[in-house]
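**Q** If you're matching them up, the sequences are chains A and P in order.
The numbers in the numbering used here rise by one with no breaks, and the one at position 67 of the first sequence is 67.
The numbers in the numbering used here rise by one with no breaks, and the one at position 244 of the second sequence is 244.
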Amino acid sequence: MSIRGVRIKIQELSHRYTPKSPVTFDKVNLDAKQGEIIVIIGRSGCGKSTLLHILAGLLRPTDGTVYLDDTLVTAPSPQWVMMFQAPHLFPWMQVSQNVGIGLRFAGWDETKMSDRVADALSLVDLQDYADNNVQDLSGGQQQRVALARSLVMEPELLLLDEPFSALDAFTRASLQHDVRSIAKRLGFNVVIVTHDIDEAVLMADRALIMAGSPGKIYDELEVNLPDPRERQDPAVQAMRARLMEAFQNAANEHPSASSKDVGDDSKPHSVTQHA
Amino acid sequence: MSDGAPSVGIGESRSFRALKTSGRGLSNFFGGLAILFTLWWIGGYLISINPSTTHFAAFGPIPTFKAFPELWSSGTIQSAIAASGYRLGIGLLIAIILGVPIGILMGRSKKFREMSNSPFQLLRMISPLAWMPLAVVVFATWNQSIIFLIAIASLWPIAFATAAGLAKVDPAWFKVARNLGAKPLHLLTKIIMPAISFDVFTGIRLALGVAWIVLVPAEYLGVTSGLGYSIEDARETLSYDHLTAIVLVIGAIGYILDSTCVLFIKRFSWHHAES
């Protein structure tokens, strides 16, 4: 499979759900290099998931633009694919049919399609499960099928909306590792939104901290760590501490971010803290 | 027809278990029928020994089965089945062609659902046979009137089952499909139809049950063909053995049609078997 990344340019992006509702986020600007993995960390309600839906073309911004190279994003496309918290596989299809569904929409012929599907399945280590019923797979395997279903389209940009938060710790760790290594091997861009600091440290080239209401990107850190990244590595631990500090600063300076949480003492409860 | 999962030893092979289950199922199947026919035979015997009912003795199973070769060689059974089958088939087809889109509309459009609910519920509760006088006035032939009755009887179960099926469809499937490049036609043929085919066939099964019951009394009037007419004809010519033979045919065909629907429901079910 040949995939190349894309340069992402987000300019003055704002969003509100209806003209009367409050601004979800305001004037977000972001540039990403080709092949860069960006992780946006923020607690629930800061608009990070809405931002991702706009990047995917599934929602329209109220103001501002998203360009991928020279293409303005206005609608969903197999070139920029989103993965969700749940795999949302089609239960009446086998694993291979699920993976190939995007190619079927695009009208590919059967032999080309089955070759490409086999490639995508081996990328996520599910080559032995092609003919299985997706309902027989574990949660982690199902999320791998969803990943293969996205990768089969050879996207320039993969968008992940807290994709591993429903998985157990071991499965989550192996998927975090695999997604990063696949992205680096094939060279496509990734934008992940999460509330998990560890996920940011383990996966990001650059971590953005989003806070406030309306949300804005408050801080950003380059995550210059060698691969593979191990949780117990002191450099990873140090980076995690820096990110946590930046996150808490953002939360403290933006008390409005927590105004909805009654009794919040401005400590970031909603941020998952793994020891 | 299958009873609950039998408890089996670990050493027993799957095929052996299946053989044992189907063997028991088969003996229960014939056992149940044998009881029915025995009761019938006792009833026939009691009728034949009672002097006041003795000329109805042909209701018993033995005269009935003796009537079959005659009915078959004269072509009475075949032509009655063909005529009734034609009315049922066309009526059901009309009900499916109208009912499935109505059901999809009910499932997809909140406005349509809310506006249509009370009129449809009201129409649904009208006995199909109550339309008979009206149908006779509106339609040119009795045949068309009967087809209309079958269609109106079958429409509601199919439409409501389709709508119920659509209500269970995960909205995220549409988001995923759109993201992978699905066009509106793809959503219908690759997502909606396979997702709800189970429910549509369940609706067709219910419709068939109602339609089959409506068909026979509808054929008592006006027409000179079909199973209902054959019963009426046998009654008027006092050939009670023919009458029971046709009743038996009606039961057997209804049973076969229902079993066929069950097969289709199983075939199109993507819900995992609980066994």
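For each residue, glycine too, the CB sits at the ideal point set by N, CA and C.
(1) Just checking my contact of Phe174 (chain P) with Leu187 (chain P) at CB under 8 Å: how many whole Å lie between their CB atoms?
(2) Which value, in whole angstroms, describes the spacing of the CA atoms of Ile146 (chain P) and Ala153 (chain P)?
(3) Three-state secondary structure (DSSP) at Asn132 (chain A)?
(4) Leaving out five residues on either side along the sequence, give the residues of the same chain with a beta carbon under 7 Å from the beta carbon of Ile150 (chain P).
(5) Does the Cβ of Val8 (chain P) have 16 or more other Cβ atoms within 10 Å, making it buried, or fewer, making it exposed?
(6) Within the same chain, show all residues whose beta-carbon is closer than 6 Å to that of Gly140 (chain A), passing over the 5 residues directly before and after it, in chain order.
(7) Taking all protein chains shown into account, decide if Gly44 (chain P) is buried (16 or more other Cβ within 10 angstroms of its Cβ) or exposed.
(8) Count the other CB atoms, across all protein chains shown, that sit within 10 Å of the CB of Thr154 (chain A); report buried if there are 16 or more and exposed otherwise.
(9) Fully enclosed by the stretch 115 to 172 of chain P, which alpha helix (DSSP H) runs are 4 residues long or longer?
(10) Under 8 Å, CB to CB, which of the residues in the stretch 154 to 186 of chain P have a partner in chain A?
(11) Look at Ala200 (chain A) and Leu243 (chain A) and say whether their C-beta atoms are less than 8 Å apart.
(12) Spatial neighbours of Gly254 (chain P) within its chain, please: CB distance less than 6 Å, with the 5 preceding and 5 following residues excluded, ordered by chain position.
(13) Beta carbons nearer than 8 Å to chain P: which residues of the stretch 97 to 114 of chain A have them?
(14) Have a look at P:Arg108, P:Arg205 and P:Val100 and flag the residue whose alpha-carbon is nearest the alpha-carbon of Phe264 (chain P).
(15) Considering only DSSP beta bridges, list what Arg206 (chain A) is partnered with.
(16) Secondary structure at Met83 (chain A), three-state DSSP: helix, strand or coil?
(17) Could you tell me which chain P residues have their CB closer than 7 Å to the CB of Val6 (chain A), listed as they occur along the chain?
(18) Please determine, among P:Met106, P:Ala130 and P:Leu180, the residue with the shortest C-alpha to C-alpha distance to Pro119 (chain P).
(19) Report the partner residues of Asp31 (chain A) according to the DSSP bridge assignment.
(20) Can you tell me the Cα-Cα spacing of Asp170 (chain P) and Gly45 (chain A), whole angstroms?
(21) Since Gly64 (chain A) is in the beta strand (DSSP E), which residue starts that stretch and which ends it?
(22) Of the choices P:Gly181, P:Met115 and P:Trp41, whose alpha-carbon is the least far from that of Ala106 (chain A)?
(23) Identify the contact partners of Lys110 (chain P) in chain A, using a Cβ-Cβ distance below 9 Å as the criterion.
(24) Run the CB neighbour count on Leu71 (chain P), radius 10 Å, all protein chains shown included, and call it buried at 16 or more, exposed below.
(25) In the structure shown, what three-state DSSP assignment does Val174 (chain A) receive?
(26) Closest Cβ-Cβ distance between Lys190 (chain P) and chain A: below 8 Å?
(27) Please list, in chain order, all residues of the same chain as Val179 (chain A) whose beta carbon is under 6 Å from its beta carbon, the five residues on each side excluded.
(28) If you follow the alpha helix (DSSP H) that Asn249 (chain A) is in, where does it begin and where does it stop?
(29) Cβ atoms of Ile250 (chain P) and Leu221 (chain P): under 8 Å apart, would you say?
(30) For a test of the three-state rule: what should DSSP assign to His242 (chain P), helix, strand or coil?
(31) Using the beta-carbon of each residue, which ones in chain A are nearer than 9 Å to Ala195 (chain P)?
(32) Alpha carbon to alpha carbon, how far is Thr53 (chain P) from Ser239 (chain P)?
(33) Mind checking whether Tyr218 (chain A) and Ala241 (chain A) have CB atoms under 8 Å apart?
(34) What do you get for Val262 (chain A), buried or exposed, if any count of 16 or more other CB atoms within 10 angstroms of its CB means buried?
(35) Quick check: Ala148 (chain A) and Leu175 (chain A), are their CB atoms within less than 8 Å of each other?
(36) Residue range of the alpha helix (DSSP H) that Asn98 (chain A) falls in?
**A** Based on what the coordinates show:
(1) Right, the Cβ-Cβ distance comes to about 6 Å (below 8 Å), so this counts as a contact.
(2) Taking the straight line joining both Cα atoms gives about 11 Å.
(3) Three-state DSSP puts Asn132 (chain A) in coil, outside helix and strand.
(4) Arg87, Leu88, Gly91, Leu92, Ala211, Val214 and Leu215
(5) Per-residue confidence for Val8 (chain P) stands at a pLDDT of 40, beneath the threshold of 50, marking its modelled position as unreliable; the derived number appears in the next sentence. With fewer than 16 other Cβ atoms within 10 Å, it is exposed.
(6) Leu167 and Thr171
(7) buried
(8) For the record, residue 154 (chain A) in the displayed sequence is Glu; it is not Thr. Counting of Cβ neighbours within 10 angstroms places Glu154 (chain A) among the buried residues, the total reaching 16 or more.
(9) 132 to 138 and 142 to 167
(10) Asp170, Ala172, Trp173, Lys175, Val176, Ala177, Arg178, Asn179, Leu180, Gly181, Ala182, Lys183 and His186
(11) yes
(12) Trp212
(13) Ile101, Gly102, Arg104, Phe105 and Ala106
(14) P:Arg205
(15) A:Ile38 and A:Glu222
(16) strand
(17) Chain P residues near Val6 (chain A): none, gap ~16 Å exceeds 7 Å.
(18) P:Met106
(19) A:Lys9
(20) 23 Å
(21) Asp63 to Leu68
(22) Ala106 (chain A) has its Cα closest to that of P:Gly181, out of P:Gly181, P:Met115 and P:Trp41.
(23) Near Lys110 (chain P) there are no residues of chain A at all, since even the closest Cβ is about 18 Å away, more than 9 Å.
(24) buried
(25) For clarity, residue 174 (chain A) is Ser in the given sequence; the question names Val instead. If DSSP states are grouped into helix, strand and coil, Ser174 (chain A) belongs with the helices.
(26) yes
(27) none
(28) Pro234 to Glu253
(29) no
(30) helix
(31) Phe90, Pro91 and Trp92
(32) 15 Å
(33) With contacts defined as CB atoms closer than 8 Å, Tyr218 (chain A) and Ala241 (chain A) fail to qualify as a contacting pair.
(34) Any reading at Val262 (chain A) must be qualified, since the residue scores a pLDDT of 36, below 50, and its modelled position is unreliable; the value itself is stated next. With fewer than 16 other Cβ atoms within 10 Å, it is exposed.
(35) no
(36) Val95 to Phe105
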